[in-house]
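A.B. asks: Sharing a structure below in structure tokens format, with a few things to ask.
Residue numbers (the UniProt record's numbering): 1 to 85.
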């Protein structure tokens, strides 16, 4: 896995980066299988968790748009949401 990460870092063109990312995803998928974890289910659960946290972040911001907030504030709120789970 580390080898694939290093290859992504060295990739220059968008095509190279996309190819190397695909290779990394393939390796991670096989790791899941090796551990007896269905990678598709794990990914779906991660996406669901992200969506749930993002919804909470938006509620904390109320009517303020995310684009209007600085990254430090968004990061602080994101960590708050994560810690509440």
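Beta carbons are placed, not taken as given, at the ideal position from N, Cα and C, and that holds for glycine.
Hey, could you find the ends of the alpha helix (DSSP H) residue 35 is sitting in?
C.D. replies: Indexing the chain shown from 1 puts residue 35 at position 35. Premise fails: residue 35 is in no alpha helix (DSSP H) and is neither H nor E.
A.B. asks: With a CB to CB cut of under 8 angstroms and the five nearest residues on each side skipped, what residues in its chain are close to residue 32?
C.D. replies: Numbered from 1 along the chain shown, position 32 holds the residue referred to as residue 32. Excluding sequence neighbours, residue 32 sits near 38, 39, 42.
A.B. asks: Could you check whether residue 17 and residue 8 sit closer than 8 angstroms to each other, using their CB atoms as the reference points?
C.D. replies: As a first step, residue 8 must be located in the chain shown, where it is residue number 8. As a first step, residue 17 must be located in the chain shown, where it is residue number 17. Yes, the Cβ-Cβ distance between residue 8 and residue 17 is below 8 angstroms.
A.B. asks: Straight-line CA distance for residue 21 to residue 57?
C.D. replies: Here residue 21 is taken as the residue at index 21 of the chain shown, counted from 1. Here residue 57 is taken as the residue at index 57 of the chain shown, counted from 1. Their backbone Cα atoms lie some 28 angstroms apart in a straight line.
A.B. asks: Please report the residue range of the alpha helix (DSSP H) in which residue 77 lies.
C.D. replies: Stepping through the chain shown from its first residue, residue 77 is reached at position 77. Per DSSP, residue 77 belongs to the alpha helix (DSSP H) from 71-84.
A.B. asks: Which stretch, first to last residue, makes up the alpha helix (DSSP H) that contains residue 8?
C.D. replies: Taking the chain shown and counting its residues from 1, one reaches residue 8 at position 8. 2-10 is the span of the alpha helix (DSSP H), which, as asked, contains residue 8.
A.B. asks: Do you know offhand how far residue 59's Cα is from residue 65's?
C.D. replies: Along the chain shown, read from residue 1 onward, the residue named residue 59 stands at position 59. Along the chain shown, read from residue 1 onward, the residue named residue 65 stands at position 65. Roughly 11 angstroms separates the two Cα atoms.
A.B. asks: Return helix, strand or coil for residue 29, following the three-state DSSP convention.
C.D. replies: Start at 1 with the first residue of the chain shown, and residue 29 comes out as number 29. Three-state result, residue 29: helix.
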